[in-house]
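Please read the structure below before turning to the comments.
Protein chains: 4
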Amino acid sequence: MSSSDLPRLLIVIGSSRPGRLGHHVARWFEHRVREHGQFEPVVADLAEIALPFFDEPRHPRLGDYAHQHTRDWAALVGSTDAVVLVTPEYNHGPSAVLKNAIDFLHAEWRDKPVGFVSYGGVAAGTRAVQQLVQIVATVRMIPVFDAVAISGVRQVVGEGGEVASTQSMDRSSIALLDELARLLQQLHPAPAGN
Amino acid sequence: MSSSDLPRLLIVIGSSRPGRLGHHVARWFEHRVREHGQFEPVVADLAEIALPFFDEPRHPRLGDYAHQHTRDWAALVGSTDAVVLVTPEYNHGPSAVLKNAIDFLHAEWRDKPVGFVSYGGVAAGTRAVQQLVQIVATVRMIPVFDAVAISGVRQVVGEGGEVASTQSMDRSSIALLDELARLLQQLHPAPAGN
Amino acid sequence: MSSSDLPRLLIVIGSSRPGRLGHHVARWFEHRVREHGQFEPVVADLAEIALPFFDEPRHPRLGDYAHQHTRDWAALVGSTDAVVLVTPEYNHGPSAVLKNAIDFLHAEWRDKPVGFVSYGGVAAGTRAVQQLVQIVATVRMIPVFDAVAISGVRQVVGEGGEVASTQSMDRSSIALLDELARLLQQLHPAPAGN
Amino acid sequence: MSSSDLPRLLIVIGSSRPGRLGHHVARWFEHRVREHGQFEPVVADLAEIALPFFDEPRHPRLGDYAHQHTRDWAALVGSTDAVVLVTPEYNHGPSAVLKNAIDFLHAEWRDKPVGFVSYGGVAAGTRAVQQLVQIVATVRMIPVFDAVAISGVRQVVGEGGEVASTQSMDRSSIALLDELARLLQQLHPAPAGN
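Chains as they are written, first to last, in this note's numbering: chain A, 14 to 207; chain B, 14 to 207; chain C, 14 to 207; chain D, 14 to 207.
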């Protein structure tokens, strides 16, 4: 099976502030996805995608998008099969940039299994994940229990952005990817002949 | 197809206080399930089941239950294919009796699609549902977006317990059951020959 | 007592999308504040304030803001005594524009009583309020229980933006303002001589 | 000032299962309260108090309690000035026994500052705290930001129940108690002459 036959896993970098750590964590996770071998990683850096605050005149559930930036984001999300949200915790919730990117679309998220890679201090970003579980269920994504939760992230990501992966991080990334693969297979079995 | 071939839908009455409305709402929903025709309803009245506060010495994820009341509850939940939680809202969360009944088990809930029938005042019980979405995801149930949310429940349930169903209640109960059936079919397709 | 001696109540319009209803709801609430007579309303329209996505290099808790837009927002919030967040519900949470405006600051929010005016469909925007309660507690605001929750908002706000206030809306706006005034008086008693 | 002149801090042990750790954590925190010296600790062990599942026929907001167990619990809570909830995390929420004990009462909780001592695994019990923040706000308690969050609790509490306190636990317990004392003083200043 060539790489392009693998299901596509969208990895969303859910922070955009100067000095953020999310892109380092996401790059680390992208490597774990390649090692795991069951998904083709597709990284969406919300800092580069640079959506404005939600500005569509019609409800996203109609899929009738007025803006090119929305259509581009819809095409990218729509081209993937599963999702991992890499999320910081700002005031015990997700960043605005991540909530905004979810709110822009609707049907493109539907029925996709979604996992979480969170990072933070004592709570390891899990309070942001808890709010995200409520949000993703609303656009009919299917939240996966297994998750990567990185506590004390400032000790894990070095000055140069290198990630000193712990055993717990490595183990939980495999559990997350296994569960995404299992659910994806159940929800969208490959057609006969594949 | 005889009734007994239908997938079994567990309807949990999530309140037990004297004067509760939940059993009236649940009976109304049970009728909707029979009309819908794709599930065999199985009603679990937590007031009758009468579990104590969680008292298992080992974590439910081990499935190694010390008490007969736990094994009975596990057998009942385990015999069903999908779940609907009928929930009031106590201080913006689910009742203790409902949270407790979920906490008692683990693998028995796994991979079951779960929907919500909530009732209350201005928020229609939806704040309890929001906490339940986080809880059911933890035991690997799959929350369904479509839901029945009954606002102003004291106008809907009469003195004798009869439910004056609104058009919105009827429509949303069909949407909920359709979505449960769709997800169940995807997650657990009937074996060939059925 | 002249108007300028009243405590200042910041009313935040928590939506900015084209076609939004929030500014109509906020203007209705501003009138209720004037009728109530115990606060000087100060309306902050996040569409006009037009903050970018959070872009401060240092944590807001340090108060060491790099950008003029942050210092302006800090000055406005810092000049007020209590807060009301007027919030829609996007995918069961607050809008990104509102979360972002909260995340930009820290000490400016501290010890301010905060109330909620939410609007939506069956849940009346209360699910967004539930996430906001968690968020405002993090910046040490003091959430007020009494709230205005507008269900079926499309029937309440007319084509021209006029608000057909219900008795429940009027009553709950008074309860919210009474409770804000009570808590503010307890937390920050007026100095002797006032 | 004799001990009995200090404000009374209710410490609720929010778990009752066999093998629980909560009473060990609570006893450790009780010692921190005595060292801190600004509160008289009053420990409420929900395993001993042994409330049934909520069984009052009338809404607690009426304060018209039918059962002696409710009146006893009301008298105990009503005799205290501030609250700390010691909470485990069961399926990302509080235990049923803790939610139930809160639901039983109403006015007795009002205007009391409340802090949290949570314990768990990677999330240190903070997901339960997040649900509790929503719940306590409903009965008009005032949640305090500063909190004790114990991750990896099985390494912290020894076989014999002794707690190997970390520097972070000690520091955060002081911050929590300082903030409770500050808020209590603002909300309920001691009468002149005290």
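Note that CB positions come from ideal geometry on N, CA and C, so glycine has one too.
As the structure is a prediction and not an experimental result, all values here were calculated from the model.
For residue i, the first and last residue of its enclosing beta strand (DSSP E)
| i | result |
| --- | --- |
| residue 131 (chain A) | 126-132 |
Cβ-Cβ distance between residue i and residue j below 8 Å
| i | j | result |
| --- | --- | --- |
| residue 186 (chain A) | residue 52 (chain A) | no |
| residue 111 (chain A) | residue 86 (chain A) | no |
| residue 170 (chain B) | residue 34 (chain B) | yes |
| residue 126 (chain A) | residue 200 (chain A) | yes |
| residue 27 (chain A) | residue 99 (chain A) | yes |
| residue 128 (chain A) | residue 164 (chain A) | no |
| residue 197 (chain B) | residue 73 (chain B) | no |
| residue 71 (chain B) | residue 158 (chain A) | no |
| residue 124 (chain C) | residue 155 (chain C) | yes |
| residue 147 (chain C) | residue 146 (chain D) | yes |
C-alpha distance - residue i paired with residue j, whole-angstrom precision
| i | j | result |
| --- | --- | --- |
| residue 91 (chain D) | residue 131 (chain C) | 32 Å |
| residue 136 (chain A) | residue 175 (chain A) | 22 Å |
| residue 114 (chain A) | residue 144 (chain C) | 18 Å |
| residue 194 (chain A) | residue 97 (chain C) | 44 Å |
| residue 138 (chain B) | residue 104 (chain B) | 10 Å |
| residue 149 (chain B) | residue 79 (chain C) | 43 Å |
| residue 69 (chain D) | residue 30 (chain B) | 7 Å |
| residue 61 (chain D) | residue 67 (chain B) | 15 Å |
| residue 15 (chain A) | residue 54 (chain A) | Low confidence applies to residue 15 (chain A): its pLDDT is 49, below 50, so where it sits in the model is not reliable enough to give any reading. |
| residue 202 (chain A) | residue 102 (chain B) | 38 Å |
| residue 46 (chain B) | residue 142 (chain C) | 32 Å |
| residue 56 (chain A) | residue 140 (chain D) | 28 Å |
| residue 190 (chain B) | residue 95 (chain B) | 10 Å |
| residue 259 (chain C) | residue 63 (chain D) | For residue 259 (chain C) there is no data in the structure shown, the boundaries of chain C being 14 and 207. |
| residue 108 (chain D) | residue 109 (chain B) | 8 Å |
| residue 178 (chain C) | residue 93 (chain C) | 27 Å |
| residue 218 (chain A) | residue 37 (chain A) | For chain A, the structure presents residues 14 to 207; residue 218 (chain A) sits outside this window and is missing. |
| residue 122 (chain A) | residue 151 (chain B) | 21 Å |
| residue 172 (chain D) | residue 183 (chain D) | 21 Å |
| residue 89 (chain B) | residue 120 (chain B) | 13 Å |
| residue 180 (chain B) | residue 22 (chain D) | 50 Å |
| residue 58 (chain D) | residue 106 (chain A) | 32 Å |
| residue 84 (chain C) | residue 32 (chain A) | 20 Å |
| residue 40 (chain D) | residue 65 (chain D) | 24 Å |
| residue 188 (chain B) | residue 188 (chain D) | 49 Å |
| residue 18 (chain D) | residue 192 (chain C) | 30 Å |
DSSP-derived helix/strand/coil call for residue i
| i | result |
| --- | --- |
| residue 54 (chain D) | strand |
| residue 59 (chain A) | helix |
| residue 21 (chain B) | strand |
| residue 191 (chain A) | helix |
| residue 35 (chain C) | helix |
| residue 135 (chain B) | coil |
| residue 162 (chain D) | strand |
| residue 91 (chain A) | helix |
| residue 156 (chain D) | strand |
N- and C-terminal bounds of the alpha helix (DSSP H) containing residue i
| i | result |
| --- | --- |
| residue 95 (chain B) | Segment 95-100 is the beta strand (DSSP E) holding residue 95 (chain B); no alpha helix (DSSP H) there. |
| residue 166 (chain B) | 166-169 |
| residue 116 (chain D) | 109-116 |
(request) Taking a Cβ distance cut-off of 9 Å, strictly less, list which residues of the segment 91-113 of chain D are near chain B, in chain order. (result) If the cut-off is 9 Å between Cβ atoms, the segment 91-113 of chain D has 103, 104, 105, 106, 107, 108, 109, 110, 111, 112 and 113 near chain B.
(request) Residues of the segment 152-172 of chain B with a CB closer than 7 Å to any CB of chain C: list them in chain order, please. (result) Those residues of the segment 152-172 of chain B that come within reach of chain C (Cβ to Cβ, closer than 7 Å) are 162 and 164.
(request) Return the residues of the segment 116-146 of chain C that lie within a Cβ-Cβ distance of less than 7 Å from chain D, sorted by chain order. (result) Answer set for the segment 116-146 of chain C: 143 and 146.
(message) Beta carbons nearer than 7 Å to chain D: which residues of the segment 17-34 of chain B have them?
(response) Listed by position along the chain: 29, 30, 31 and 32.
(message) For the segment 182-197 of chain C, list every residue whose C-beta sits within 8 Å of some C-beta in chain D, in sequence order.
(response) Of all residues in the segment 182-197 of chain C, none has a Cβ within less than 8 Å of some Cβ in chain D.
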